[in-house]
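The block underneath contains the structure these notes are about, expressed in structure tokens.
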């Protein structure tokens, strides 16, 4: 495997002979039934009172959303977990952090999984989690930094609904992650490593549906932009579906702008 590449997942039967699907299903159901107010759990049941602060239309009692399911992708340190949690509150949706769900399922931290089982094992677990969360309704999904890189994951997610890609500069990512124990940053030059990986993954990330920059912005502002973009995307998708020539056309995805 070349430096910077994301390892291919092991076959599910080889990586998890004990039956990961049943384990994931159990965790999904258990966590969805457990309300929490903090973004340090795999799922968050939003509080409608606080949700109205970010999305006033939800305070009327008539919950109106542009979408009922959305995923957040992007490089590590771009704010997916925090923004995803805030977005779930704004839209009164469940919140799923796939990395945190994986740690619950396997009983190990991500660095421990990489060190003890290998990246292929982690990616197999990740792929199964993607399949499961793509079947959920009423959810905001925060993906790991490498999740969207695999074509099978990407296809599953984009077929399910919109994928919002968060962007940040390498310098911002480094400042946000330099004190973490992330396996991909174990290098003599972590910032150089970040630049290299971001360059390699940029083309794949640009296949997302909506693109938002997170540098130097409060999460509330980012969430408001995402919601506005989701409304635009939803309106365009409905217009395309209703158009007489929709069979021969596809809605245009939003693109990142510098």
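Residue numbers (our numbering): 693 to 950. For every residue, glycine included, the Cβ atom is placed at its ideal position computed from N, Cα and C.
query, result
"Close Cβ partners of residue 742 (< 8 Å) along its chain, the five nearest in sequence each way excluded", "Confidence in residue 742 is poor, its pLDDT being 42 and thus under 50, which makes the residue's placement unreliable; the coordinate value appears in the next sentence. These residues qualify, in order along the chain: 781."
"Sub-9 Å separation of residue 788 and residue 832 beta-carbons", "yes"
"Where the alpha helix (DSSP H) through residue 849 begins and ends", "843-852"
"Residue from 918, 817, 820 with nearest C-alpha to residue 859", "918"
"Buried/exposed call for residue 934, threshold 16 Cβ in 10 Å", "exposed"
"Candidates 871, 883, 819: closest to residue 847 by CA position", "819"
"Inter-residue spacing [alpha-carbon to alpha-carbon] between residue 791 and residue 758", "26 Å"
"C-beta contact flag for residue 888 and residue 778 at 9 Å", "no"
"Alpha helix (DSSP H) segments (min. 4 residues) lying fully within the segment 798-840", "802-808, 811-825"
"Straight-line gap, residue 806 to residue 829 (C-alpha atoms, nearest Å)", "30 Å"
"Whole-angstrom distance between residue 903 and residue 834, CA atom to CA atom", "15 Å"
"Where residue 880 falls, given that 16 or more other Cβ within 10 Å makes a residue buried", "exposed"
"CB of residue 854 within 9 Å of CB of residue 925, strictly", "yes"
"Alpha carbon of residue 865 to alpha carbon of residue 892, nearest angstrom", "15 Å"
"Sequence-distant residues of the same chain with beta carbon closer than 6 Å to residue 900, five excluded per side", "765, 855, 857"
"Beta-bridge pairing of residue 902 - partner residues as DSSP gives them", "856"
"Rounded C-alpha distance that separates residue 871 from residue 769", "11 Å"
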